[in-house]
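In the numbering used here, the protein residues as written are 220 to 374.
Every residue gets a Cβ at the ideal spot worked out from N, C-alpha and C, and that includes glycine.
Written out as structure tokens, the structure reads:
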């Protein structure tokens, strides 16, 4: 899944200094699975290199910082929870064809940063010694979170 910048929203205080930058990062699968990722990531002065302020940072730098922060969130800096697991059965074989897992996360620091993700787990994603019949909800949660980390990884 390719994750793109949908918007960069820069707001200013009464002194016309930047008070907040929020990057919206979104992606959707190209394989018609319905998988997606939607997120808001705040870029704060703490995220900037020394000598840079929120008023003189370039959009490309904002994007880079937002992507790094998104990857950190997915890797554990943000609590991510599984909100649902949907096992989809093949009606001919009566076996699980794939599993759709929805993940949600948000930080409680007042920034409004969040991740909302839907990912499909296929047979190819399973460990070689496992089948859907031998995967517990805990196994599926772990696998979905690992897929989130992988899809947000910064090169």
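Whole-number beta carbon distance between residue j and residue i, since they are thought to touch under 8 angstroms
| i | j | result |
| --- | --- | --- |
| residue 267 | residue 301 | Residue 267 to residue 301, Cβ: 33 angstroms. No contact. |
| residue 259 | residue 241 | 5 angstroms |
Sequence-distant residues of its chain with Cβ nearer than 6 angstroms to residue i (five each side left out)
| i | result |
| --- | --- |
| residue 248 | 220, 254 |
| residue 284 | 262, 266 |
| residue 309 | 316 |
| residue 252 | 339 |
| residue 306 | 315, 318 |
| residue 287 | 373 |
Proximal residues to residue i (C-beta, below 7 angstroms), its chain only, five neighbours per side dropped
| i | result |
| --- | --- |
| residue 359 | 304, 318, 320, 340 |
| residue 354 | 345 |
| residue 278 | 227 |
| residue 294 | 368 |
Within 8 angstroms, strictly: CB atoms of residue i and residue j
| i | j | result |
| --- | --- | --- |
| residue 372 | residue 290 | yes |
| residue 243 | residue 226 | yes |
| residue 223 | residue 246 | yes |
| residue 370 | residue 273 | no |
Residues bridged to residue i (per DSSP)
| i | result |
| --- | --- |
| residue 244 | 224, 258 |
| residue 305 | 319 |
| residue 324 | 299, 334 |
| residue 229 | 240 |
| residue 340 | 318 |
*Sufficient close CB pairs (3 or more, under 8 angstroms) joining the segment 350-366 to the segment 324-341*: yes
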